[in-house]
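Just so we're aligned, residue 402 is where the sequence shown starts under the working numbering, counting upward by one. Some notes on the structure that comes next.
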Amino acid sequence: MGCEWIGWCGLTASEQASWVQAVGSVFAICIAVYVPWKQRRYAVLEERKKDRNRVIVMATALAPGLEDLRSTLATTLDYLEKSLAERVHLPEKLPRHLEFDQFRSDLYLFGPLGNTVNKAISYQQQFENSMNILRSLDVLPDDFIKETRTNMIHAVEVLGQCVIALVEISRGSH
């Protein structure tokens with residue numbers, strides 16, 4: 402096979418060198434674009450993998466604390482209309498697990514669920530004052546009981562939904 406099939410025969414040595422240099426330059430440019438693109442793609446995939454793993458760790462760590470808070474609020478509901486002597490057995494503080502603060506800045510990784518989990522965590526602070534009133538006043542005002550009951554029922558529902566969603570995530574079934 403001669404050089405006729407690509408037209409090399411009619412070219413001078415200088416022209417042939419120019420063509421080789423041009424093809425080599427195009428190849429080098431392609432490599433120069435491909436390598437950083439491939440590295441960036443790999444880095445993005447690794448970051449996503451780390452985020453997925455972090456979400457599973459966070460879900461596994463947060464679910465028990467939120468369930469503990471949900472359970473305490475659900476129990477507190479039963480004491481709203483009881484006497485002070487019975488209410489005095491309520492816990493002085495609502496459970497506040499370390500994970501609530503540890504993972505709060507990364508809740509965005511949960512997507513829309515992260516906002517709900519953040520809201521659920523805030524219930525601990527919100528009902529802390531209510532617990533102090535429940536443990537200190539002998540007679541509770543009716544409007545306090547009604548408002549606290551409504552808010553606690555809502556909080557228990559939201560906390561329950563969060564716990565279910567977090568358990569599903571921690572099992573890898575999301």
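All C-beta atoms, glycine included, are put in the ideal place defined by N, C-alpha and C. Since this is a predicted model, take the numbers as computed values, not measurements.
Cβ-based burial, residue i [other Cβ within 10 Å; buried from 16]
| i | result |
| --- | --- |
| Y524 | buried |
| A444 | exposed |
| V434 | exposed |
| A423 | exposed |
| I554 | exposed |
| I522 | buried |
Through-space distance from residue j to residue i, alpha-carbon basis
| i | j | result |
| --- | --- | --- |
| N533 | P437 | 59 Å |
| F501 | S571 | 16 Å |
| K520 | E558 | 12 Å |
| K451 | L485 | 50 Å |
| D539 | V568 | 39 Å |
| G411 | G425 | 21 Å |
Neighbourhood of residue i by C-beta, 8 Å cutoff - its chain only, sequence neighbours within 5 removed
| i | result |
| --- | --- |
| P465 | H498 |
| E468 | L560 and V564 |
Residue i, enclosing alpha helix (DSSP H) - first and last residue
| i | result |
| --- | --- |
| E558 | D543 to S571 |
| D502 | L499 to Q503 |
| Y480 | A414 to Y480 |
Three-state secondary structure assigned by DSSP to residue i
| i | result |
| --- | --- |
| S537 | helix |
| V489 | coil |
| L514 | helix |
Chain C contact for residue i (CB, 8 Å cutoff)
| i | result |
| --- | --- |
| N530 | In the structure shown, chain C cannot be found, because there is only a single protein chain. |
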